[in-house]
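These protein sequence lines are chains P and W, in that order.
With this note's numbering applied, the first sequence has no gaps in its numbers, which climb one by one up to 804 at the end.
With this note's numbering applied, the second sequence has no gaps in its numbers, which climb one by one up to 1095 at the end.
Just so you know, even glycine gets a beta-carbon here, dropped at the ideal spot from N, CA and C.
Remember, predicted model here, so these are calculated numbers, not experimental data.
One structure is given below, encoded as structure tokens.
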Amino acid sequence: MTVTDTENTGSTEPQLSPAGNPMGFGRMLRKEDVRFLRGHGHYVDDVQLPGMLYSAILRSPYAHARIVSIDTSAAEAHPKVRAVITGATLEGLNLAWMPTLSHDVQAVLATDKVRFQGQEVAFVVADDRYAARDALELIDVEYEPLPPVMDATKALDPDAAVIRTDIEGKSDNHIFDWEAGDAAACDEAFAGAEVVVEQDMLYPRVHPAPIETCGTVASMDPITGKLTVWSTNQAPHAHRTLYAIVAGIPEHKIQIISPDIGGGFGNKVGIYPGYVLAVVGSIVTGKPVKWVEDRSENLMATAFARDYHMKGRIAATKDGKILAVQVDVLADHGAFNGTAQPTKFPAGFFHIFTGSYDLQAAHCKVTGVYTNKAPGGVAYACSFRITEAVYLVERMVDVLAYELGVDAGELRMKNLLRPEQFPYTSKTGWEYDSGDYPRALRKAMEIAGYDELRKEQAEKRERGELMGIGISFFTEGVGAGPRKHMDILGLGMADGSELRVHPTGKAQLRVSCQTQGQGHETTFAQIVAHELGIPPEDVEVIHGDTDNTPFGLGTYGSRSTPVSGAAAAVVSRRVRDKARIVAAAALECSPDDLEWTQGRWSVKGDPEQGRTIQEIAMLSHGSLELPEGVEGHLDASVVYNPPNLTYPFGAYICVVDVDADTGKVHVRRFIAVDDCGNRINPMIVEGQIHGGLAEGVGMALMQAIAFDEDGNCLGGSFLDYLLPTALECPSWETGATVTPSPHHPLGAKGVGESATVGSPPAVVNAVIDALKPYGVRHADMPLTPCQVWLAMQGRPARTDLALT
Amino acid sequence: MQTPASFEYERATSVEQALALLEQHGPEACLVAGGHSLLPMMKLRLATPEVLIDINELPDLGYVRVEGSEIAIGALARHVDLLASPVLREHYRIFEEAEHVIADPIVRNRGTVGGSLCQADPSEDLSAVCAALGARLVIQSAAGRRTVEARGFHVGPYETLVGPAEMLVEVRLPIRPGAGSAYQKVERRAGDYAIAAAGAFVVLEGGMVADVGVGIAAVGAPQFTAPGAEDYLRGKEPSEPHLAEAARLAAEATAPAVDQRGTVEYKRHLAGELVRRALRSAAARAAGQEG
Ligand SMILES: Cc1cc2nc3c(=O)[nH]c(=O)nc-3n(C[C@H](O)[C@H](O)[C@H](O)COP(=O)(O)OP(=O)(O)OC[C@H]3O[C@@H](n4cnc5c(N)ncnc54)[C@H](O)[C@@H]3O)c2cc1C
């Protein structure tokens, strides 16, 4: 399909390139799909190096146990085994522990204790994968089981076992307390409010579960001392710096290559023990070492998401004016504090929980605790915990509507921020850049036929049939972020970009971000096309190799278009400026006399006199005499430091039918109106939204990683941890409004996570709405048939624990 | 990547040869049909057979055909064959309805009837279907063939009457003219194993239930069935109160185990509800009222 779409982009570019692509923004097929659809993607597990060895990790069967002894002699005697590494080996190298992204440390291999089921205990390097796996069974570990802390709400009990005995003087499982907003103002608003409603809710532990699991091929050249690492990761440059810090290898001797990545969703932001172990394995054996985890390892041991126990309170007037929102959070961070978010924000951006509403006051308090579960917490397209924030506020608004007996749509309409309030500073300090919220909600209600749906629902209720309509209105803050406020491990969150136009007018754009399926190779080429008039097919986007791209913080938190996309636009403009000087020299006029139109500098008032960008590219590499101080060639570089986050928003409506006798939920319709500012490639935007909506259905209805009281992970395979399929997803009804970001050079906002963030509360609100005749006000996700049935009986289950 | 332990591989070209190979390699040998149950277990090393005997190439075991007053299904008939079979559609709609909700097309393209029944997973839908219909299963060994009742086939979870040097070769179903049948299942997601599932057939005579069978999967019903509910319904009108009582009796006969799919109480409730729906639909079909 080569249709240009102008409806959503805010700009009109009807021109098509020779290959039929838009000369800038608009729908075009993804360039990368040419290889993906033919099975020619190249993933980490496809990497084959001469002499490469394979590895496997022995993991703990216990959630909490002391390691009494480890006997590796039988494994070492296996004829195909090259090395067996334990925590003791690593202690000798000062590598047994590594820093996390949250100022904690994490065991690479357990030394003293194991702290979650699936924790890394020993590492085997062998001639092939089978031998490596066989050898795991030959390692004899003696454990002394300790009582595990599996219920976060009991982690701070005085008699709870202390998990982090490795931290000197630690006598409890407390990690941090953090707050935002104005507690006093909030108390005051609540004290004077006519209506106060409280609701406990859990956003259960879920997992990003990318189809490609995590892995690494590490190759340390013993002669040159150069370390090359192929790894599944979303932030190659940050990884390079981390390896330098962790392993003490000079940073200029480290090359990180992220080939094609089969989904990330935040799962591939951090460095896992397996990555470090592959490096150690290569150093020890002198050979390249491949480590690729299996599905259960991925689900049980890599970065999970959420696990927020929230106590929400909302204050309002009797006629439904919302005054304040307050929330206390108990955050389950697992055994090591390894959440990945900007340093100053231990709860991520959770404090954007005031949502899309005009409040008088807001306050939140977050307490982080250790439990005997895998570490992680910020992942699964959460925009640094905005998922939890949106869920909290959108559920609270519905709970309020329930108590007031008013329509949840009307209640929202009454309280949404108005367009004239932008830019708007929220009560917790965010500066929302732009928005027209009522327009988006009206549009969603129109597409849904909201009034008709309510009528149908009323008729069905008469007949005892359960139908529900759920609304969610979300605001995200994405595109981290301004260097002054946001860093990861001290690395400011600005992104570099380099653009080189070759003599024949074809270009290479180098970016620091890392696509995992988002379509950067297409979108970023379109940005260059838009700015320079070079067809998208003539722009190669280079990424995923630290030796060949400028520094930057990577792709997560919907930051690629807000930060790297802006960098691509600015660097293109720099090239355009340089091209202007070259064109002026060629046309023997002043650069001031030239104007830019569709890929060409021409003389104002005499458009015949001009040079296309392609002509200028050749001229700038040729013998044309250039003015003093202007170098030849046509290239530029930039570091883009975003002035603010971008604030995409959207209005979602979900319609469900619930079988009263089985508890089974059927999602009948889902309407999603997204406003992410200008859309560079509306098809890719819609793809991102479709994926996020499916994830929302998954979380709302079927996904959770629960644990039994012995510490067993109950979500360790795709038989237990369910991904939604096409059969659970309705045909998405998407719509758009366009409110450009005033500070982004393209007027764009991030959208990669919008639907994942915004959709779960719409589905949950719909199900709870359906159950209204049963007096149900809340039940925690996932709303499995059993959970729905239990909710109808007035006793929904805790979904973080094993059912009993 | 999940990596199975090492094993030997043999390909059988006849039932006799497969049985001889089983005999030769002893109890550590294992037949593999579609492999959709066995291979995942091997990858997780929950199963570590030393020898795999591949029976996929056995000729003439993939049939679904009428033989006199019975339908005969070869052990290597794939799920997809049952789903598409005109013979089964004509006589027992329960197969089409059950097959529609077993796994996904990829599994259905390879998974076999024999493998499903011999896997003896407590959630296996075809075990419930065969129990409901009162199927008879034909087991072959070097000594010859024997026929057993589906309702006595399961010795326990993952255990059947099939001995170490035997194989299941055929499923036989009595044709019951005028029978209506149906299958009902609730799962957390398409392709998931059932939280509970139930199937039934009903034959009516003069508006009364002349014959009936109930099959139940995933909730610990002994031999995947509920004879008490069947006995209750025989000779009665399939009225809503009677169906409800039969469903109650069926639910009572279950012994569900709690897991993340549901609590004991919910599963029992659900089993009853699904039995009721299956019976209702089977009765309506028997009465010619429903397609
Ligand atoms: C993702 C997935 C989802 C599934 N969902 C469902 C579901 O919803 N409902 C459901 O009922 N099932 C489900 N299944 C199970 C599926 O139906 C079975 O895996 C499959 O049909 C078993 O048949 P097979 O031929 O693949 O058996 P195999 O895996 O080849 O064999 C299974 C066992 O039976 C033995 N065996 C095989 N054939 C014979 C024979 N002729 N005689 C004696 N022993 C034999 C084997 O030795 C082995 O022990 C699912 C499976 C998967 C992978």
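Just to confirm, is the Cβ distance from P/Asp-200 to P/Lys-321 under 8 angstroms? Along the first sequence, read from residue 1 onward, the residue named residue 200 of chain P stands at position 200. Along the first sequence, read from residue 1 onward, the residue named residue 321 of chain P stands at position 321. No, the pair does not count as a contact, with Cβ atoms beyond the cut-off.
Hey, out of P/Leu-202, P/Phe-707, P/Arg-205, P/Cys-186, whose CA is closest to P/Val-196's CA? Here residue 196 of chain P is taken as the residue at index 196 of the first sequence, counted from 1. Among P/Leu-202, P/Phe-707, P/Arg-205, P/Cys-186, the Cα nearest to that of P/Val-196 is on P/Cys-186.
Answer with buried or exposed for P/Asp-140, where buried requires no fewer than 16 other C-beta atoms within 10 angstroms of its C-beta. Stepping through the first sequence from its first residue, residue 140 of chain P is reached at position 140. The C-beta of P/Asp-140 has fewer than 16 other C-beta atoms within 10 Å across all chains shown, which makes the residue exposed.
Buried or exposed (CB count within 10 angstroms, at least 16 for buried), P/Thr-317: Mapped onto the first sequence, residue 317 of chain P falls at position 317. Label assigned to P/Thr-317: exposed.
Mind pulling the alpha helix (DSSP H) runs of 4 or more residues that sit fully within the segment 929-1000 of chain W? Counting only runs of 4 or more, we get 929-937.
Length-filtered (3 minimum) beta strand (DSSP E) runs lying within the segment 354-431 of chain P: For the segment 354-431 of chain P, whole beta strand (DSSP E) runs of length 3 or above, ordered along the chain, are 361-369.
Can you list, in chain order, the residues of the segment 1053-1070 of chain W whose Cβ is nearer than 8 angstroms to any Cβ on chain P? Answer in chain order: Val-1062, Asp-1063, Gln-1064, Arg-1065, Gly-1066, Thr-1067, Tyr-1070.
Find the nearest neighbour of P/Asp-710 within the set P/Ser-590, P/Ala-802, P/Met-413, judged by alpha-carbon distance. Sequence index remark: in the first sequence, residue 710 of chain P carries index 710 (1-based). Comparing alpha carbon positions, the residue from P/Ser-590, P/Ala-802, P/Met-413 closest to P/Asp-710 is P/Ala-802.
Any C-beta of chain W within less than 7 angstroms: which residues of the segment 693-711 of chain P qualify? Against chain W - using a Cβ distance shorter than 7 angstroms - the residues of the segment 693-711 of chain P are Met-702, Ala-706.
Expressed to the nearest angstrom, what Euclidean distance is found between the alpha-carbon atoms of W/Gly-1024 and W/Val-1079? Locating residue 1024 of chain W in the second sequence gives position 220, where the first residue counts as 1. Locating residue 1079 of chain W in the second sequence gives position 275, where the first residue counts as 1. Straight across, the Cα-Cα distance linking W/Gly-1024 with W/Val-1079 is about 14 angstroms.
Cβ-based burial, P/Gly-715 [other Cβ within 10 Å; buried from 16]: Here residue 715 of chain P corresponds to residue number 715 of the first sequence, with the count starting at 1. Buried, since its Cβ has 16 or more Cβ neighbours within 10 Å.
Whose C-alpha, out of P/Arg-777, P/Lys-427, P/Asp-800, P/Ala-303, is nearest the C-alpha of P/Leu-323? One-based indexing of the first sequence puts residue 323 of chain P at position 323. Considering only alpha carbons, the answer is P/Lys-427.
Beta-carbon contacts of P/Ala-651 that lie in its chain and below 6 angstroms, excluding the five residues immediately before and after: Your numbering for residue 651 of chain P matches position 651 in the first sequence. If we look at P/Ala-651 and ignore the five residues flanking it on each side, its Cβ neighbours are Ala-440, Leu-441, Ala-444, Phe-473, Val-673.
If the criterion is Cβ atoms closer than 8 angstroms, does the pair W/Ala-1086 and W/Ala-1014 meet it? Translated into the one-based positions of the second sequence, residue 1086 of chain W becomes position 282. Translated into the one-based positions of the second sequence, residue 1014 of chain W becomes position 210. Cβ atoms of W/Ala-1086 and W/Ala-1014: not closer than 8 angstroms.
Using a Cβ-Cβ cutoff of less than 7 angstroms, which residues in the same chain neighbour P/Ala-155 once the five nearest sequence positions on both sides are dropped? Sequence index remark: in the first sequence, residue 155 of chain P carries index 155 (1-based). Here the set comprises Val-149, Asn-173, Val-369, Tyr-370, Thr-371.
Measuring from the CB of W/His-883, is there a heavy atom of ligand 1 at a distance below 7 angstroms? Translated into positions along the second sequence, residue 883 of chain W becomes position 79. In this structure, W/His-883 has its CB closer than 7 angstroms to one or more heavy atoms of ligand 1.
Taking CB distances under 8 angstroms as the criterion, tell me whether P/Thr-784 reaches chain W. Locating residue 784 of chain P in the first sequence gives position 784, where the first residue counts as 1. By the rule that beta-carbons nearer than 8 angstroms mark a contact, P/Thr-784 touches chain W.
Taking 8 angstroms as the CB-CB limit, is P/Tyr-130 close to chain W? For the purposes of this step, residue 130 of chain P is identified with residue 130 of the first sequence, where counting begins at 1. Taking CB atoms only, P/Tyr-130 has a neighbour in chain W less than 8 angstroms away.
In the DSSP assignment, what residue or residues form a beta bridge with P/His-174? Within the first sequence, the letter at position 174 stands for residue 174 of chain P. According to DSSP, which records beta bridges pairwise, P/His-174 is partnered with P/Val-369.
How about P/Lys-268: is its C-beta nearer than 8 angstroms to some C-beta of chain W? What you label residue 268 of chain P is simply residue 268 of the first sequence in a count that begins at 1. Answer no: the Cβ-Cβ gap between P/Lys-268 and chain W never drops below 8 angstroms.
What number of angstroms, rounded off, separates the C-alpha of P/Gly-51 from the C-alpha of P/Pro-288? Numbered from its first residue, the first sequence carries residue 51 of chain P at position 51. Numbered from its first residue, the first sequence carries residue 288 of chain P at position 288. As the crow flies, the alpha-carbon of P/Gly-51 is around 7 angstroms from that of P/Pro-288.
At least one CB of chain W closer than 8 angstroms to the CB of P/Thr-4: is that the case? Within the first sequence, numbered from 1, the residue matching residue 4 of chain P stands at position 4. Residue placement at P/Thr-4 is flagged as unreliable, the pLDDT there being 33, under the threshold of 50; the coordinate-derived value follows with that caveat. Under the 8 angstroms criterion on CB atoms, P/Thr-4 is classed as non-interfacial with respect to chain W.
Who does P/Ser-231 pair with in a DSSP beta bridge? Here residue 231 of chain P refers to the residue found at position 231 of the first sequence. The partner list for P/Ser-231 (beta bridge, DSSP) reads P/Thr-216.
Suppose the cutoff is 7 angstroms on Cβ atoms and the five residues either side in sequence are ignored; what does the same chain contact list for W/Pro-1031 look like? Locating residue 1031 of chain W in the second sequence gives position 227, counting from the first residue. Taken in chain order, the list of residues that qualify is empty.
Below 8 angstroms between beta carbons: does that hold for W/Ala-1033 and W/Ala-1050? Residue 1033 of chain W sits at position 229 when you count from the first residue of the second sequence. Residue 1050 of chain W sits at position 246 when you count from the first residue of the second sequence. Yes. Within cutoff.
Tell me the DSSP bridge mates of P/Phe-474? By one-based count along the first sequence, residue 474 of chain P stands at place 474. According to DSSP, which records beta bridges pairwise, P/Phe-474 is partnered with P/Gly-650.
If you measure from the beta carbon of W/Ser-1107 to each beta carbon in chain P, is any gap under 8 angstroms? This structure gives no information on residue 1107 of chain W, because the portion of chain W shown stretches from 805 to 1095.
Does the distance between the C-beta of W/His-840 and the nearest non-hydrogen atom of ligand 1 fall short of 7 angstroms? Stepping through the second sequence from its first residue, residue 840 of chain W is reached at position 36. Flag set: Cβ of W/His-840 near ligand 1.
Interface flag, P/Asp-157 vs chain W, CB-CB below 8 angstroms: If you number the first sequence from 1, residue 157 of chain P lands on position 157. P/Asp-157 does not count as touching chain W.
Counting along the chain, where does the beta strand (DSSP E) carrying P/Val-763 start and finish? In the first sequence, counting from the first residue as 1, residue 763 of chain P sits at position 763. Taken as a continuous stretch (DSSP letters only), P/Val-763 belongs to no beta strand (DSSP E), being part of the alpha helix (DSSP H) at 754-770.
Over what stretch of residues does the beta strand (DSSP E) that includes P/Arg-849 continue unbroken? There is no way to answer for residue 849 of chain P, as the model of chain P reaches only from 1 to 804.
Can you check whether the CB of W/Ile-857 is closer than 8 angstroms to the CB of W/Ala-816? Here residue 816 of chain W refers to the residue found at position 12 when the second sequence is read from its first residue. Here residue 857 of chain W refers to the residue found at position 53 when the second sequence is read from its first residue. In contact: W/Ala-816 and W/Ile-857 (Cβ atoms closer than 8 angstroms).
Measuring only the C-alpha atoms, how far is W/Ala-902 from W/Val-1018? Position 98 of the second sequence, counting from 1, holds the residue named residue 902 of chain W. Position 214 of the second sequence, counting from 1, holds the residue named residue 1018 of chain W. Computed Cα separation, rounded: 14 angstroms.
At a CB-CB cut-off below 7 angstroms, which residues of chain P make contact with W/Met-1012? As a first step, residue 1012 of chain W is located in the second sequence; it is residue number 208 there, counting from the start. Neighbourhood of W/Met-1012 in chain P, by CB distance below 7 angstroms: empty, with the nearest CB roughly 26 angstroms away.
Name the chain W residues whose beta carbon is nearer than 8 angstroms to that of P/Pro-724? Working through the first sequence from its first residue, we reach residue 724 of chain P at position 724. What P/Pro-724 touches in chain W: Arg-993.
Using DSSP bridges, identify the partner residues of P/Gln-199. Position 199 of the first sequence holds residue 199 of chain P. Residue pairing by DSSP places P/Gln-199 opposite P/Gly-312 in a beta bridge.
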